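**Student:** Protein chains in written order, with our numbering: chain C, 1 to 355; chain U, 1001 to 1297; chain R, 2001 to 2360. Virtual Cβ for every residue (Gly too), placed ideally from N, Cα, C. These figures come from a predicted structure and were not determined experimentally.
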Ligand SMILES: Nc1ncnc2c1ncn2[C@@H]1O[C@H](COP(=O)(O)OP(=O)(O)OP(=O)(O)O)[C@@H](O)[C@H]1O
Ligand SMILES: [Mg+2]
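1. Could you pull out every residue in the same chain whose Cβ sits closer than 7 Å to the Cβ of residue 195(C), ignoring the five residues on either side in sequence?
2. Between which residues of its own chain and residue 1269(U) is the CB-CB distance below 7 Å, once the five residues before and five after are set aside?
3. Whole alpha helix (DSSP H) runs in the region 1129–1185 of chain U with 4 or more residues, listed along the chain?
4. Comparing C-alpha positions only, which one of 100(C), 272(C), 233(C) and 249(C) sits nearest to residue 243(C)?
5. Spatial neighbours of residue 304(C) within its chain, please: CB distance less than 6 Å, with the 5 preceding and 5 following residues excluded, ordered by chain position.
6. Distance cutoff 9 Å, beta carbons only. Does residue 45(C) sit that close to anything in chain U?
7. Classify residue 2029(R): buried if its beta carbon has 16 or more other beta carbons within 10 angstroms, exposed otherwise.
8. Given a threshold of 16 other Cβ atoms within 10 Å of its Cβ, counted over all protein chains shown, does residue 1005(U) qualify as buried or as exposed?
9. Assuming residue 1082(U) is part of the beta strand (DSSP E), what are its boundary residues?
10. Is the distance from the Cβ of residue 92(C) to the Cβ of residue 135(C) below 9 Å?
11. Leaving aside the five residues before and after residue 152(C) along the sequence, list all residues of the same chain whose C-beta is less than 8 Å from its C-beta, in chain order.
12. Please report the distance separating the alpha-carbon of residue 103(C) from that of residue 1206(U).
13. Label residue 1082(U) either buried or exposed according to how many other C-beta atoms from any shown protein chain fall within 10 Å of its C-beta, with 16 as the threshold for buried.
14. If distances are taken between C-alpha atoms only, which option among 2188(R), 2046(R) and 2158(R) comes closest to residue 2078(R)?
15. Looking only at DSSP bridge pairs, what is residue 2078(R) linked to?
16. For a test of the three-state rule: what should DSSP assign to residue 1001(U), helix, strand or coil?
17. When you measure from the CB of residue 22(C) to every non-hydrogen atom of ligand 4, does any distance come out below 8 Å?
18. Name the DSSP bridge partner or partners of residue 2242(R)?
19. Mind pulling the beta strand (DSSP E) runs of 3 or more residues that sit fully within the region 225–296 of chain C?
20. With hydrogens ignored, establish whether the beta-carbon of residue 213(C) is closer than 8 Å to any heavy atom of ligand 2.
21. Since residue 2093(R) and residue 2279(R) should fall inside the 8 Å C-beta cutoff, what is the C-beta to C-beta distance between them, to a whole number of angstroms?
22. Going by DSSP, what residues sit across from residue 2311(R) in a beta bridge?
23. Can you grab the Cα-Cα spacing for the pair residue 9(C) / residue 1152(U), in whole Å?
24. Collect the residues with a C-beta less than 7 Å away from any heavy atom of ligand 2 and give them in sequence order along the chain.
25. Between the C-alpha atoms of residue 1077(U) and residue 2080(R), what's the straight-line distance to the nearest angstrom?
26. Here's a check: name, in chain order, each residue in its chain whose Cβ is nearer than 8 Å to the Cβ of residue 2013(R), leaving out the five neighbours to either side.
27. Under 7 Å Cβ to Cβ from residue 1178(U), same chain only, skipping five residues before and after it: list those, please.
28. Whole angstroms are fine: how far does the CA of residue 1180(U) sit from the CA of residue 986(U)?
29. Between residue 126(C) and ligand 1, is the CB less than 8 Å from at least one heavy atom?
30. Is the beta carbon of residue 2246(R) closer than 9 Å to that of residue 2150(R)?
31. Do you know offhand how far residue 2170(R)'s Cα is from residue 2237(R)'s?
32. Do residue 2121(R) and residue 2274(R) have their CB atoms nearer than 9 Å?
33. Mind pulling the chain C residues with CB within less than 7 Å of residue 1183(U)?
34. Using 10 angstroms around the beta-carbon of residue 2255(R), count the other beta-carbons present and answer buried if the total reaches 16, otherwise exposed.
35. For residue 2330(R), report the span of its alpha helix (DSSP H) as first-last.
36. In chain order, what residues of the same chain lie with their CB nearer than 6 Å to the CB of residue 1262(U), ignoring the 5 residues before and after it?
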């Protein structure tokens, strides 16, 4: 990327006495002002990567650069990066105001300016009235906003957040998502956000980095990662999905014909892959139950499972031994188990995974 | 398995009264033990302190504040009380200073050797302070290891007198108190956390400032607990001042011992003990105040 | 939560020293009455070989000649501790006979812990030395001991002859003195008073002046674990010591420890043998006391332990006599001591020593 601001190159970390690296050859470019999320299952190396950026973990090899400055060997307190911890990490022996002030004090900024900036930071998170509170008297949401204010008040080059919302309840989490994103856009700060919650990642990020076992699996905008996953792992990890392995048996006019056991031959609109053994992905919400129009792929099956989730109903239909998950968004009574249904999807509703 | 589950459910369902009775039953042995091992002797001590000693060492039954008056108006008592406090402060400061880095390291390390190191740090508790004091007597004597090393290195030309005086008492007490200080401090380091130090680092605090502004203030409850422990154990220490002091170091505990076992003035010994206990009480209250202060509550 | 618990756990720890101080006084109380025969309980020193030697030379012989009476020996570290135990069982004593230092026994006599002896039941009393007799037939002296100089024979090649040798600069930092309230230091004060020609009951100022000159030479005022161990090991060269234990240690150490009685004389320490008031076996107890005061028992114990006999009819070998204060010439040099007066002024002297000698 031309205008990359934060650049990780071949970043690798092997912990002492560990056979395999926790993070391996990670290359990520983040543009100035961009919000990217590191997403992946537990233990995939998100925190390790983030802490290497922060300077809290020394990489085994590889480099970190911010703008033109090589950060790889710079100690944490000279990196000018703001970090927000899952545990908030507010200093319990200081008031809210003192917490926010701490980074400014460390920078030996004059008192009057400090006071102004602390006030601004508290104002930004709408907690001005809590300046004199003890940290132990804050709610989780308030604590997290203060942690954010404390990280931002120093005007860092990069903002790093490690699962900042995972200790909060669902409603608060959504509220803070919006808030963090608002503040990030207002300040225009380059942000790396670690989460294992894909909804969070999809909703907030400019781009996603999907990781698995220490490696980057895919980098891209949320829609792109969701719609066109690069491999089976990403397809499976992001969102719910149906995956069918089959053989490419023919091709005409941009349509690939794929023979899948139990389902017959499916039609998928896709560019040439040149492979015979392929995996077809269909997202459950693209599968229509009892379709009213003619579809490229139509099947008949029996309902074997139905979960009513309020806004959608998730239905599993068995077609000749193959299970297909579909989502019904219209209202009404859930489908009865054992009911015979028709289902189908168009040739652009499916996607052939490249690898 | 089934039985366990049922028992749990039943004890939970039967409400407050049973659980209070159960709690009382659980507390009873402890209370009885405290009563027998502490309150009864204490009452005996309080009563004895009101008796009188006449002539040489004749004990007369009485209810008289005489021994308190005697003790409180005795210049020598005030002098040894002062010396005892001085010793307490000195040993506390040194023991905490020496133990602090060890305790901090043990509290924070994630090394697999942590258990072993911890055991090493507190292993001295397995031997009695008498044995350890005699150990120090040999190490610090004129021809002991310490003096041999010092003169061998050419640091000293004549052996330093490190035993049979205050220096020896302080050295031995500091070492003897270290395990207590370490344990108490580790227990009180609960608020010291890697995350907070990392946060301070990310906000621009170098190692020293991180320690001064974050780690040290957060470790104060532990330091305070350790200090109280060491201080109280020191001002009541008997064995080491007695064995190591060469008869030159007078503290309240040795005075109580002399009064109780040599001069045989039991009322005076008892009065001194009660006063020492009173002192403990004062320091306990002081500690609680300070603790609240450093915890910021 | 953890913090709370740890703070609460502190309390017992804080209280431990007090408990230890206050709980130091409980005595055993098994009953000594057997079937057919009487068992009396004797309380005496546990330390310094006393128990072993006394059992061998006195108790066993007594039991042989008095088949109806058994003696159970209860060893206790010090006279003061003995008094402590006796105080706690004053209303219902389990001990019948006590051997302890005269000055402590005086307190016990006054506290009605001991009873006077019946001269008819203890006929040997009439043959006792004047120094051993106690007012109103209370327990009389059973052994005499005296202060001496103990020295390490490697460090001090010519035996000391005078108390003034303590001041010899050659022994600087190698002198051990048990300071008051220990009797050793009290006794030394009396001896120096005599040497300086002052009446210790009037003023000890000159003595204090002399002691202050000694202070820089003194390694310890409180020898640990005890004087004799320090002298034998060479940790100190010269020490104020008691004759009996020194003599015993001389033999046990193959002469590493030497004993010298200074020419200026010494003071005598008296151990008395006492009948506990309220003893349920007073008659058997007095039978034993009488035996202990008899020439046979006195001679046997003197030969074993080098305490001088208190019974004037006692015959011991010359060798033994030379190592105790038994000989008339030595007895001549003994300085008279009013232990009763000293007991009352012990605290005062202790303070003087601490203020003006040790702290200087
Ligand atoms: N200090 C360490 N020593 C050894 N191994 C470690 C250490 N810290 C992390 N690991 C290992 O490195 C791998 C990556 O850990 P990391 O904490 O980066 O994962 P994560 O993606 O943040 O997981 P989570 O979502 O659970 O927080 C894991 O297998 C973990 O067990
Ligand atoms: Mg993590």
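**Tutor:** On the basis of the coordinates in this document:
1. By 1-based counting over the first chain, the position of residue 195(C) is 195. So the qualifying residues of the chain are 37, 39, 163 and 201.
2. Residue 1269(U) sits at position 269 when you count from the first residue of the second chain. Cβ neighbours of residue 1269(U) beyond the five flanking positions: 1256, 1259 and 1260.
3. Complete alpha helix (DSSP H) runs here, min 4: 1129–1140 and 1145–1152.
4. By 1-based counting over the first chain, the position of residue 243(C) is 243. Taking residue 243(C) as reference, the option from 100(C), 272(C), 233(C) and 249(C) with the minimal CA-CA separation is 233(C).
5. Here residue 304(C) corresponds to residue number 304 of the first chain, with the count starting at 1. Contacts found: 316 and 318.
6. For this step, residue 45(C) is matched to residue 45 along the first chain. No, no contact with chain U.
7. The sequence position of residue 2029(R) within the third chain is 29, counting from 1. A caution first: residue 2029(R) carries a pLDDT of 37, below 50, which makes its placement in the model too unreliable to give a value.
8. Looking up residue 1005(U) in the second chain gives position 5. With a pLDDT of only 38 at residue 1005(U), under the threshold of 50, the placement of this residue in the model should not be trusted; the figure read from the coordinates follows. The Cβ neighbour count for residue 1005(U), taken over all protein chains shown within 10 Å, is under 16; the residue is labelled exposed.
9. Here the question's residue 1082(U) lines up with position 82 in the second chain. Where residue 1082(U) is concerned, there is no enclosing beta strand (DSSP E), although the alpha helix (DSSP H) it sits in stretches over 1075–1108.
10. For the purposes of this step, residue 92(C) is taken as the residue at position 92 of the first chain. For the purposes of this step, residue 135(C) is taken as the residue at position 135 of the first chain. Yes, Cβ-Cβ distance for residue 92(C) and residue 135(C) is below 9 Å.
11. Numbered from its first residue, the first chain carries residue 152(C) at position 152. Within the same chain, residue 152(C) has close Cβ partners 82, 121, 124, 159, 183, 187 and 189.
12. Locating residue 103(C) in the first chain gives position 103, where the first residue counts as 1. Locating residue 1206(U) in the second chain gives position 206, where the first residue counts as 1. Between the C-alpha atoms of residue 103(C) and residue 1206(U) there is a straight-line separation of about 11 Å.
13. Here residue 1082(U) is taken as the residue at index 82 of the second chain, counted from 1. Residue 1082(U) is exposed by the Cβ-count criterion.
14. Against the third chain, residue 2078(R) aligns to sequence position 78. Of all alpha-carbon atoms in 2188(R), 2046(R) and 2158(R), the one lying nearest the alpha-carbon of residue 2078(R) is that of 2046(R).
15. Here residue 2078(R) refers to the residue found at position 78 of the third chain. Per DSSP, none; premise fails for residue 2078(R).
16. Here residue 1001(U) refers to the residue found at position 1 of the second chain. Note on residue 1001(U): pLDDT 39, under 50, position unreliable in the model; the coordinate value appears next. Three-state result, residue 1001(U): coil.
17. Looking at this structure, you won't find ligand 4 anywhere; what it does contain is ligand 1 and ligand 2.
18. In the third chain, counting from the first residue as 1, residue 2242(R) sits at position 242. According to DSSP, which records beta bridges pairwise, residue 2242(R) is partnered with 2147(R).
19. Whole beta strand (DSSP E) segments, 3+ residues: 242–252, 255–260, 264–269 and 277–282.
20. The residue you call residue 213(C) lines up with position 213 of the first chain. Not under cutoff, so the answer is no.
21. What you label residue 2093(R) is simply residue 93 of the third chain in a count that begins at 1. What you label residue 2279(R) is simply residue 279 of the third chain in a count that begins at 1. Contact holds; Cβ gap of about 6 Å.
22. For the purposes of this step, residue 2311(R) is taken as residue 311 along the third chain, with counting starting at 1. For residue 2311(R), the pairing in a beta bridge is given by DSSP as 2128(R).
23. Here residue 9(C) refers to the residue found at position 9 of the first chain. Here residue 1152(U) refers to the residue found at position 152 of the second chain. Cα atoms of residue 9(C) and residue 1152(U): separation of roughly 57 Å, rounded to the nearest angstrom.
24. Put simply, the residues with a CB less than 7 Å from any heavy atom of ligand 2 are 46(C), 47(C), 162(C), 163(C) and 194(C), in chain order.
25. As a first step, residue 1077(U) is located in the second chain; it is residue number 77 there, counting from the start. As a first step, residue 2080(R) is located in the third chain; it is residue number 80 there, counting from the start. Whole-angstrom Cα-Cα distance: 22 Å.
26. Residue mapping note: residue 2013(R) aligns to position 13 of the third chain, counting from 1. Here the model assigns residue 2013(R) a pLDDT of 44, short of 50, so the residue's position is not dependable and the matter cannot be decided.
27. Counting from 1 along the second chain, the entry for residue 1178(U) is found at position 178. 1095, 1098 and 1099, listed in sequence order.
28. The structure shown has nothing for residue 986(U), since chain U only spans 1001 to 1297.
29. As a first step, residue 126(C) is located in the first chain; it is residue number 126 there, counting from the start. Incorrect: residue 126(C) has no Cβ contact closer than 8 Å to ligand 1.
30. Taking the third chain and counting its residues from 1, one reaches residue 2150(R) at position 150. Taking the third chain and counting its residues from 1, one reaches residue 2246(R) at position 246. Yes; because the gap between Cβ atoms is below 9 Å, this pair is in contact.
31. Along the third chain, read from residue 1 onward, the residue named residue 2170(R) stands at position 170. Along the third chain, read from residue 1 onward, the residue named residue 2237(R) stands at position 237. Rounded to whole angstroms, the gap between the alpha carbons of residue 2170(R) and residue 2237(R) is 10 Å.
32. Residue numbering aside, residue 2121(R) sits at position 121 when the third chain is read from its first letter. Residue numbering aside, residue 2274(R) sits at position 274 when the third chain is read from its first letter. Here residue 2121(R) is not near residue 2274(R), since their CB atoms are 9 Å or more apart.
33. Along the second chain, one-based indexing puts residue 1183(U) at 183. Chain C residues near residue 1183(U): none, gap ~23 Å exceeds 7 Å.
34. In the third chain, counting from the first residue as 1, residue 2255(R) sits at position 255. Residue 2255(R) comes out exposed.
35. To locate residue 2330(R), count along the third chain from 1; it is residue 330. Segment 2328–2333, the alpha helix (DSSP H) holding residue 2330(R).
36. By one-based count along the second chain, residue 1262(U) stands at place 262. Nothing meets the Cβ criterion.
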